[in-house]
Amino acid sequence: MHSHLSILTTLFNLRDTLSALITRITDQPQEAITKGIVLYNLGEFSQAKSYLTIGATAGDRASQYALAEVIRRQAGSITEEAKNWYRLAGAQDHVYALMRLGDEASLKKAKELAQTEADKGNADAMLELYELNQNIEALRKAADAGSLEGQYILAVKYDKDESLIADSRLRRATIDLLLRNAAEAGFSKAMHWYSNRFPINQNLPLRRQWLEKRAELNDVNGVLDYGLGLCGFYEDDNGVDKEYGFSRNLVKGYGLIWLVVETTAELSRHTTAKQCLEETAKEMTTDQIAAAKTFAQQWKKSHPPMSEYRLAYSDVV
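Residue numbering for the sequence shown follows the numbering used here, starting at 3 and increasing by one per position.
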């Protein structure tokens with residue numbers, strides 16, 4: 003009896019061990035997918051590549067598309083390697099991957115997929131149709147249907163091509179309305195542009211609020227600007243912040259800049275952030291710096307993953 007119980011105990015332990023191992027193996031691709039997409043959204047392409055490869059190989063179409071985008075960006079063109087991943091994503095009906103491929107069959111499939119969803123009222127699909135044909139009416143439909151990215155891109159188009167709205171006052175009011183609607187709905191790029199347009203850019207309390215909202219989204223550039231403001235980098239010779247009207251808070255500001263420096267490597271402003279961090283440290287005690295890093299870790303836990311919030315497909319800025 004004792005021997006029988008020992009065998010059963012061993013078998014149950016083995017079952018539990020195998021179950022835990024299977025769970026861990028199953029979770030690994032999903033963890034890689036999540037990590038890869040986060041790094042991709044942050045613009046940390048070199049770090050993202052290995053994680054995206056795991057997810058892409060496991061068949062995740064978002065990882066396949068993102069990996070192809072990384073390869074394209076790093077090479078400066080669509081290589082055969084990138085095409086292979088675009089094809090795999092396109093085989094799973096990823097519209098933007100099909101558009102990147104650009105051949106007749108891929109574009110036809112992309113249009114059919116996008117049109118089917120657009121006919122159901124899908125605003126993102128309407129934006130895909132615009133990206134396919136660059137028809138301004140398609141972009142207007144996407145914006146009217148509630149695509150925040152569509153609203154932002156439409157504002158860019160109106161700003162760059164004055165012939166689309168000949169009347170300057172109407173054009174300005176239309177751009178402002180598009181940006182305000184997208185900003186109020188939480189689109190970070192619209193928040194940034196809207197807060198830098200007259201007369202908002204003259205209203206420092208309101209401009210500061212928009213920056214704080216961007217930082218709350220963990221927009222990497224918003225977080226950095228917020229930290230720089232709190233550390234006094236926008237102050238004039240009289241110690242007055244002329245950009246946002248911030249009062250100094252070195253602990254919080256250092257913590258935010260430190261978080262950006264620690265989280266990024268490929269950010270275009272990384273060197274600037276690092277230099278500002280070193281300058282700020284000269285004004286702080288060891289205890290203050292420790293408190294700042296503690297604040298940064300708390301911020302990281304209580305906010306979404308840091309991101310550049312790039313547009314899904316378009317290259318407009």
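For every residue, glycine included, the Cβ atom is placed at its ideal position computed from N, Cα and C.
As the structure is a computational prediction, the values presented were derived from the model and not from experiment.
Exercise for review: Could you check if aspartate 169 is buried or exposed, using at least 16 other CB atoms within 10 Å of its CB as the buried criterion?
Suggested key: exposed
Review point. Does DSSP put serine 149 in a helix, a strand or coil?
Key: coil
Review point. What residues in its chain sit with their C-beta under 8 Å from that of glycine 231, if we drop five residues either side in the sequence?
Key: Arg210, Leu213, Asp243, Glu245, Tyr246, Phe248, Gly255
**Study point:** Per-residue burial, arginine 216 [other beta carbons within 10 Å of its own, 16 or more giving buried]
**Key:** buried
Point to revise | Coarse secondary structure for phenylalanine 47, derived from DSSP in three states | key: helix
Point to revise | Pair within 8 Å by beta-carbon distance, valine 72 and alanine 91 | key: no
Check your understanding: Assuming valine 40 contacts proline 307 under a Cβ cut-off of 8 Å, what Cβ separation, rounded to an integer in Å, is found between them?
Key -> 4 Å
Review point. Can you tell me whether phenylalanine 200 is buried or exposed, with buried defined as 16 or more other CB within 10 angstroms of its CB?
Key: exposed
Check your understanding: Would alanine 93 be called buried (16 or more neighbouring beta carbons within 10 Å of its own) or exposed?
Key -> exposed
Review point. Who are serine 309's beta bridge partners in DSSP?
Key: Asp221
Review point. When you compare each of Leu261, Lys162, Ala116 to tyrosine 228 by their alpha carbons, which one comes out closest?
Key: Leu261
Check your understanding: What residue from Lys303, Ala275, Leu279 has the CA that sits closest to leucine 252's CA?
Key -> Leu279
**Study point:** Candidates Glu33, Gly57, Arg102: closest to serine 79 by CA position
**Key:** Arg102
Point to revise | For aspartate 62, the three-state DSSP class (helix, strand or coil) | key: coil
Practice item. Assign glycine 241 to one of two classes, buried (16 or more other C-beta atoms within 10 Å of its C-beta) or exposed (fewer than that). Key: exposed
Point to revise | Cβ contact (3+ pairs, closer than 8 Å) linking the stretch 98 to 112 and the stretch 143 to 158 | key: no
Review point. Does DSSP classify tyrosine 315 as helix, strand or coil?
Key: coil
Practice item. Give the DSSP-derived three-state secondary structure of glutamate 237 in the structure shown. Key: strand
Point to revise | the stretch 121 to 141 contacting the stretch 155 to 168, beta-carbon criterion three pairs below 8 Å | key: yes
Review point. Among residues of its own chain, excluding the 5 on either side of aspartate 161, which ones have a beta-carbon nearer than 7 Å to its beta-carbon?
Key: Ile177
Review point. According to DSSP, which residues form a beta bridge with aspartate 243?
Key: Glu237
Review point. If glycine 257 and lysine 284 are in contact, beta carbons under 8 Å, what's the gap, nearest whole angstrom?
Key: No, glycine 257 and lysine 284 are not in contact; Cβ-Cβ is about 16 Å, not under 8 Å.
Practice item. State the DSSP-derived secondary structure class of glutamate 281, mapped to helix, strand or coil. Key: helix
Exercise for review: Could you give the DSSP three-state label for isoleucine 80: helix, strand or coil?
Suggested key: coil
Review point. Run through DSSP, which three-state label would glutamate 268 get?
Key: coil
**Study point:** Nearest to asparagine 183 (by Cα), restricted to the options Ala157, Asp95, Arg171, Thr81
**Key:** Ala157
Review point. Does the Cβ of alanine 314 have 16 or more other Cβ atoms within 10 Å, making it buried, or fewer, making it exposed?
Key: exposed
Point to revise | phenylalanine 47 versus Arg74, Ala60, Arg63, Pro31, residue with shortest Cα-Cα distance | key: Arg74
Exercise for review: Could you give the DSSP three-state label for lysine 122: helix, strand or coil?
Suggested key: coil
Check your understanding: For leucine 137, which of helix, strand or coil comes out of DSSP?
Key -> Residue identity differs from the one stated: residue 137 is asparagine in this sequence, not leucine. Asparagine 137 falls in the coil class under three-state DSSP.
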